Ligand SMILES: [Zn+2]
Ligand SMILES: [Zn+2]
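Numbering (my numbering), first residue to last: 105 to 367.
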């Protein structure tokens with residue numbers, strides 16, 4: 105499986121991805137925002153784009169569909185529940201579906217609501233597992249729930265699905281927010297040495313060459329995967345005394361998300 109991450113260089117800091125079969129060169133584009141840019145990168149690598157996948161319906165993940173379809177005739181895949189909102193979707197996806205690219209790539213569809221109601225992540229299993237997670241899991245953070253989402257659903261997606269994946273899973277999110285999210289982790293957990301150590305390098309890094317984290321690393325630096333941490337809970341109680349001394353994980357997640365909204 106070949107992966108090309110494409111930095112959109114926009115204010116929202118989007119990442120787009122090309123995933124290609126190393127034998128046939130057939131490729132799938134994830135979340136094209138700038139269609140021209142995706143087409144150019146594909147050409148430079150001799151990839152033939154045959155499919156487009158939108159993780160969810162937000163325009164910064166779909167705006168490039170039309171240009172890529174026009175240039176390549178690619179078919180468009182998206183969550184069955186988001187197909188009407190996106191328009192032009194050829195294949196509606198549900199949990200457990202498999203997306204094949206060429207002869208060598210198989211991606212499993214995860215149904216991962218929370219950022220929006222109809223959001224998919226794609227999982228490559230095997231020796232080098234990889235997760236393409238749109239606006240669900242970010243490096244050191246979690247997607248917001250402002251535009252059609254639900255923090256309770258996002259919590260369930262995190263705990264029941266994403267946190268269960270192998271530690272070696274590489275994380276490929278829809279936006280580059282690593283340094284900003286690390287600052288939030290450090291604000292919530294000042295004694296987190298892993299987050300502090302990663303922050304210095306993350307700040308100095310060009311977004312186009314930002315590090316690719318693994319799930320094991322996320323569990324050390326992402327407050328939304330550290331819901332049992334005593335320091336996080338203690339500092340959360342300063343803001344929300346009503347949660348008590350032993351809040352459940354869902355409460356911790358939802359309150360962290362609430363704080364992050366205004367942070
Ligand atoms: Zn979004
Ligand atoms: Zn987005």
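For glycine and all other residues, C-beta sits at the position ideal for the given N, C-alpha and C.
All of these numbers come straight from a predicted model, not from anything done at the bench.
Within the same chain, and ignoring the five residues on either side of residue 269 in sequence, the residues whose Cβ sits closer than 8 angstroms to its Cβ are 227, 233, 235, 319. In terms of CA proximity to residue 205, 178 leads the group 198, 137, 178, 346. The continuous alpha helix (DSSP H) containing residue 142 extends over residues 139-148. Beta-bridge partners of residue 215 (DSSP): 224. For residue 165, the CB falls within less than 7 angstroms of some heavy atom of ligand 1.
Residue 303 and residue 254 have their C-alpha atoms spaced approximately 29 angstroms apart. In the pairwise beta carbon analysis, the segment 175-195 is classified as not touching the segment 264-283: fewer than three pairs are separated by under 8 angstroms.
Just measuring C-alpha positions, the residue of 196, 172, 159 sitting nearest residue 247 is 159.
DSSP places residue 184 in the coil class of the three-state scheme, outside both helix and strand. If one requires a minimum length of 4 residues, the alpha helix (DSSP H) runs lying completely within the segment 297-328 are 297-308, 319-325, in chain order.
Nearest neighbour of residue 344 by Cα position, chosen from 362, 154, 240, turns out to be 362. Inter-residue distance for residue 162 and residue 364 is about 20 angstroms (C-alpha atoms, whole angstroms).
Your pair residue 139 and residue 185 does not check out as a contact, with CB atoms roughly 24 angstroms apart and the cut at 8 angstroms. Residue state for residue 270 is assigned as coil, using DSSP reduced to three classes. DSSP, read as helix, strand or coil, puts residue 338 in helix. Annotation for residue 108: the continuous beta strand (DSSP E) segment containing it runs 106-111.
A residue is called buried when at least 16 other Cβ atoms come within 10 angstroms of its Cβ; residue 243 meets this threshold and is buried. For residue 158, the three-state secondary structure derived from DSSP is strand. For residue 193, there is no enclosing alpha helix (DSSP H), as DSSP marks it with neither H nor E.
Within 7 angstroms of the C-beta of residue 239 there is at least one heavy atom belonging to ligand 1. At a threshold of 7 angstroms, residue 158 does not count as near ligand 2, since its beta carbon sits no closer than that to any of the ligand's heavy atoms.
Relative to the non-hydrogen atoms of ligand 2, the Cβ of residue 226 never comes closer than 7 angstroms to any of them. Looking at the DSSP output, residue 210 bridges to 204.
Nearest C-alpha to residue 134 among 148, 127, 153, 260: 153.
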